[in-house]
Every structure is written in C-alpha cells, then in structure tokens.
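Residue numbers (full-length UniProt numbering): 1 to 523.
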Ligand code: ADP
Ligand code: ZN
C-alpha cells in the first residue's frame with residue numbers, strides 16, 4: 001500500500017478509519033516513528049496494536065511483531081490485509097512452501113508487518129534473513145511473558161534481548177496489559193529497555209462493575225445474576241475444572257441459554273468452532289477454563305463471571321477485562337468459597353516450580369483472597385495492586401453500592417481458632433464445623449473430640465455461617481491451609497493476640513439470604 005509521506009494522523013484516518021488517537025497512542029506512535037524505544041502498559045482493549053502498526057507503516061521497511069499467540073496471528077494478519085496492508089506471519093502452522101513464499105516477499109521488500117512466534121524469530125535462519133532486510137521496528141507483544149513470576153511465562157521471551165544486541169539501531173516497542181511494578185521492572189531488565197520511554201495508562205476499566213460474593217449455591221447465584229441482568233447478553237463464565245465447565249454449560253443450556261463449553265480437552269476444531277459462534281452469534285455464553293480468552297477481541301461481552309477463584313489478581317483483572325471492551329456497562333461477577341483456595345494451593349504445591357516461585361504464587365493468591373474479603377471499594381484495591389492511586393470510593397462496585405455490615409467477631413473467631421487448636425490442627429473445615437455444632441459424627445467420637453471443650457460451643461451460627469467465618473479467618477491470615485494434610489487448617493502466629501484476648505476482630509457480616517449481591521444494572 002502506498003502511504004508514502006503520510007503522517008501518523010493521516011494513516012490513522014486513511015488506513016484505519018479512526019478520527020483520533022486514544023489515550024496516549026499519539027505520543028507512543030511519535031516516539032517509535034522517531035526511532036525511540038517504548039514500553040507500553042495499557043489495559044486490554046486499550047488499543048495497543050495501533051501503537052506499532054502505524055509506525056510500521058510510516059517508517060520504511062518491515063516491522064517485525066513478536067507474538068506468543070499463534071492462533072491470533074492469522075486473525076490479525078487477515079484483518080490488516082482487509083485494510084489493504086501488506087502483512088504476513090511466520091509460524092509452525094505454515095507449510096514449507098507457504099513459508100518460502102513469505103520469505104520471498106520479505107526479501108522483495110513487500111511486507112510492512114511480519115508477525116512471528118518468538119522461537120521462530122530466534123532461529124539462526126530467521127535472524128540471518130532479518131540481517132538482509134530493512135527493518136522498521138520490533139514490536140514485542142504480550143511482553144509480560146518474559147516474567148518468570150507471571151502466569152504466561154515463556155522462556156524464549158527472555159532471549160529476545162538479543163534483538164537489541166544484534167540490531168541496536170532499530171526501535172523496539174514492548175507492549176503488555178499486565179503492569180504491576182515487579183513485572184514492569186522485569187520487562188525493562190530482561191529486554192534491555194532501560195532507554196525506553198515508559199507509557200503507563202490508567203488500568204481503570206470504569207465501565208466494569210465489580211462484585212464478589214461467597215458461594216453458597218453458586219449455580220443458583222450465577223443464574224440469578226445472568227437472568228436478572230443479562231437475559232440476552234453474551235458473556236463468559238470461568239470455572240477451574242473441565243468437569244465443572246461441562247456441567248455448568250449443560251445446566252445453563254437447560255435454563256434455555258446457548259452455553260458452550262470450552263477447555264483444552266476439546267478438539268482444536270470444536271474449540272475454533274465454538275469461538276466463531278461466540279464472535280458471530282448473539283447472546284452466546286462461553287463456559288470455559290482459563291484456556292479461553294487470550295486475544296479474543298469481542299467488544300460486546302457484557303459479563304464475565306467466575307465460579308471459582310482466579311489464582312491471582314493479574315489473572316482476575318485480565319479475565320474480567322474481557323468484559324465491556326466497547327466501553328459500555330459490563331459486569332465482573334464472582335462467587336467463590338474456601339474450597340477454591342484449598343484447590344489452588346494444592347495445584348501450586350504440586351507444581352514443579354522452584355520453591356521461590358511457589359512462595360510468590362502463594363502471596364499472590366493471598367492478595368486475591370484479600371480482594372475478595374475486602375469490605376471497602378474493590379476498584380480502589382484493584383488499582384492499588386497495580387500501583388495506581390484511585391478515589392477511596394468508586395460507586396461502581398458491590399462494596400461501594402452496598403457497604404457490607406461488620407460485626408465484632410472476636411468471640412466467634414476465638415471459638416473457631418480454639419477448635420482448630422484443640423483438635424490438633426489436623427482437620428479441614430467441615431470436620432471443625434461438625435465439632436463446633438456438636439454433631440455426633442463417628443469420626444468425632446472415634447477421635448474423642450466430643451470430649452473437648454470446644455465441642456458444641458458454636459450453635460449460635462449455622463454451618464454456612466461458620467464456613468464464612470473460617471474463610472474470612474484464612475483470608476485475613478489467622479488460619480493457614482496445610483496442603484500436606486489435605487487442606488487441614490492451622491493457626492498462624494497472628495492468632496496469638498486474638499486468642500489471648502489482646503485484640504478484637506471485625507468481620508464481614510454474612511448475608512442472610514443467598515446471592516444477595518447486587519450488581520450493576522444495565523443502563
Ligand atoms: P489491545 O491490544 O490493547 O487489547 P486493540 O489494539 O486490539 O487492543 O484495540 C482494541 C479495539 O480498539 C480494537 O477494536 C481497535 O480497532 C480499537 N481502537 C484502537 N485504537 C483506536 C482509536 N484510536 N480509535 C478508535 N478505535 C480504536
Ligand atoms: Zn467501589
């Protein structure tokens with residue numbers, strides 16, 4: 001395409017058909033056009049792609065875009081071609097002939113944008129091909145993949161620093177939607193981007209209403225939410241396991257919704273088909289494991305629901321961020337329970353990751369749990385996690401709209417904690433509740449726990465309420481989950497003052513009726 005001599009603004013209008021740049025796109029584009037490096041932190045849907053696509057067209061030569069998502073490359077390239085842009089991709093899905101054809105075009109200088117997987121880019125053959133080309137810029141998409149601590153770690157990403165060593169004069173732009181300080185620092189260090197201008201956008205997705213509830217009858221709660229607020233809308237429901245994905249999709253189908261399961265256990269064909277239906281048909285609900293979503297560009301997803309706890313706040317933010325990309329009101333809804341915490345801790349424990357990584361993961365899960373049990377503004381906390389200041393109250397989350405009631409839980413907590421202690425810190429929550437309620441269970445008799453002082457001292461609460469207390473005690477760090485003992489609860493150091501009556505504790509008052517969480521009404 002002939003864009004000779006056009007300015008960035010002209011390319012924006014004439015090629016992409018947009019009137020103006022969004023956020024700080026203009027500044028970023030200018031920086032890269034002038035040959036500088038850039039690190040772009042922008043929330044999902046913010047418009048990262050234009051930040052390198054426009055410089056790619058304005059600067060002479062071929063722009064090389066590194067992307068970890070083979071499945072997406074094709075979509076992106078097709079979309080660009082439809083705009084009349086000469087774009088191509090190189091990845092393992094191409095045949096030798098197709099690959100040769102692309103290489104031929106590259107050498108002929110006919111490609112403005114080349115998308116390539118990191119491992120392909122790093123191959124000696126590819127690097128020497130690049131030596132022969134005029135390269136306009138390198139764009140490193142999903143740059144957080146360099147982070148060992150993140151959930152998308154790709155070892156090849158760390159080797160991308162050689163781009164700087166081998167092509168020192170070519171501007172590089174790294175882009176990501178994950179932006180806690182640690183990840184940001186790692187990207188700069190790993191990719192040698194010390195000279196880069198950093199462009200940090202607000203991560204606030206102000207059209208998303210956040211709400212998080214305790215799971216009681218999670219499915220019913222979910223249905224109540226969907227039926228009352230999203231009767232005809234497209235949405236995504238995330239579950240932890242494939243089995244739960246299948247069961248939930250079936251169930252939503254029975255309620256009369258088009259609900260399609262999506263997880264890594266389904267054939268690639270079926271998954272692609274499901275994805276297409278989600279994009280093309282109206283009002284489809286996808287029930288998925290986290291295998292679904294990266295790079296799905298559907299602007300009018302009206303809700304994202306979690307039936308399980310995500311493993312950290314980054315994941316939560318990324319997954320909920322798939323709602324409302326069009327800027328219209330959308331809901332991020334979650335119901336979770338203590339069992340989720342146990343399951344996630346178990347996964348982390350059983351993984352092959354080094355001890356240090358496990359520790360970081362553990363802390364991140366704790367932060368996620370903290371967000372759930374928070375009684376103040378969710379958005380404030382979420383943004384604070386990404387090192388961003390926000391007003392104390394957003395007015396667009398469950399806690400702002402419906403401030404949770406608190407109560408003095410000191411005595412209740414003491415009962416719960418002593419029960420853990422007296423039973424030897426060896427039992428899970430159900431057993432502990434049975435003891436507190438004085439249920440004459442066989443196991444309890446066998447262990448002679450009907451003889452201890454905490455037996456039957458908890459009749460002022462029912463089992464569900466006790467469950468909520470235990471969950472909050474875990475979330476606030478008074479109890480710890482012993483993964484080597486199938487989720488037994490243990491006391492932490494923090495308990496001491498509380499048990500000795502030197503401290504009081506306020507907890508969130510449990511909702512009387514299930515699923516009382518109010519969420520944002522559609523306008
Ligand atoms: P990201 O990669 O940050 O998730 P995209 O680059 O896919 O976001 O952009 C999200 C959507 O916003 C796309 O549909 C894109 O065409 C649109 N968009 C980006 N920049 C602009 C702009 N300046 N004006 C209008 N629409 C834009
Ligand atoms: Zn709020």
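Positions of the beta carbon are idealized from the N, C-alpha and C atoms, including for glycine.
Residue i - partner residues in DSSP beta bridges
i           : result
residue 211 : 333
residue 138 : 64 and 172
residue 238 : 288 and 306
residue 197 : 38
residue 397 : 210
residue 455 : Beta-bridge pairing links residue 455 to no other residue.
residue 481 : 489
residue 89  : 115
residue 407 : 507
residue 260 : 286
Cα-Cα separation between residue i and residue j, rounded to whole angstroms
i           : j           : result
residue 327 : residue 226 : 20 Å
residue 38  : residue 51  : 10 Å
residue 528 : residue 347 : In this structure the chain extends from 1 to 523, so residue 528 is not present and cannot be described.
residue 144 : residue 316 : 16 Å
residue 313 : residue 150 : 11 Å
residue 305 : residue 311 : 15 Å
residue 331 : residue 472 : 24 Å
residue 336 : residue 374 : 13 Å
residue 160 : residue 122 : 7 Å
residue 409 : residue 341 : 22 Å
residue 140 : residue 65  : 6 Å
residue 127 : residue 166 : 9 Å
residue 162 : residue 273 : 38 Å
residue 28  : residue 372 : 35 Å
residue 361 : residue 421 : 27 Å
residue 502 : residue 406 : 20 Å
residue 219 : residue 202 : 34 Å
residue 25  : residue 8   : 10 Å
residue 398 : residue 382 : 13 Å
residue 433 : residue 443 : 13 Å
residue 520 : residue 19  : Any reading at residue 520 needs caution, since the residue's pLDDT is 46, under 50, leaving its predicted position unreliable; the model's value is listed next. Going by the C-alpha atoms only, they are around 31 Å apart.
residue 95  : residue 111 : 19 Å
residue 504 : residue 412 : 11 Å
residue 48  : residue 216 : 39 Å
residue 6   : residue 205 : 33 Å
residue 440 : residue 456 : 10 Å
residue 170 : residue 132 : 14 Å
residue 481 : residue 212 : 22 Å
residue 176 : residue 297 : 15 Å
residue 299 : residue 287 : 18 Å
residue 186 : residue 146 : 7 Å
residue 116 : residue 75  : 13 Å
Selected residue, minimal CA-CA separation from residue i, among the options
i           : options               : result
residue 475 : 80, 203, 307 and 214  : 214
residue 386 : 182, 133 and 420      : 182
residue 86  : 94, 100, 106 and 96   : 106
residue 281 : 239, 268, 266 and 232 : 232
residue 100 : 40, 119, 129 and 84   : 129
residue 45  : 22, 55, 14 and 413    : 22
residue 63  : 500, 136 and 78       : 136
residue 234 : 323, 148 and 156      : 323
residue 35  : 210, 303 and 60       : 60
residue 10  : 57, 441 and 48        : 57
residue 178 : 499, 388 and 506      : 388
residue 379 : 369, 368, 370 and 393 : 393
residue 308 : 329, 298, 343 and 278 : 343
residue 30  : 157, 199 and 275      : 199
residue 490 : 253, 221, 458 and 417 : 417
residue 466 : 425, 508 and 195      : 508
residue 563 : 180, 158 and 492      : In the structure displayed, the chain extends from 1 to 523; residue 563 sits before or after that span and is not available.
residue 458 : 109, 435 and 259      : 435
residue 259 : 250, 265 and 267      : 250
residue 289 : 275, 271 and 263      : 263
Range of the contiguous alpha helix (DSSP H) that encloses residue i
i           : result
residue 75  : 70–82
residue 421 : 410–422
residue 500 : Segment: none, residue 500 is in no alpha helix (DSSP H) and carries neither H nor E.
residue 274 : 268–280
residue 228 : 218–229
residue 466 : 463–475
residue 25  : 25–33
residue 362 : 355–373
residue 51  : 49–58
Report all residues for which the CB-ligand distance to some heavy atom of the ligand ZN is below 7 Å; order them along the chain.
377, 378, 379, 380, 393, 394, 395, 396, 397, 399 and 400
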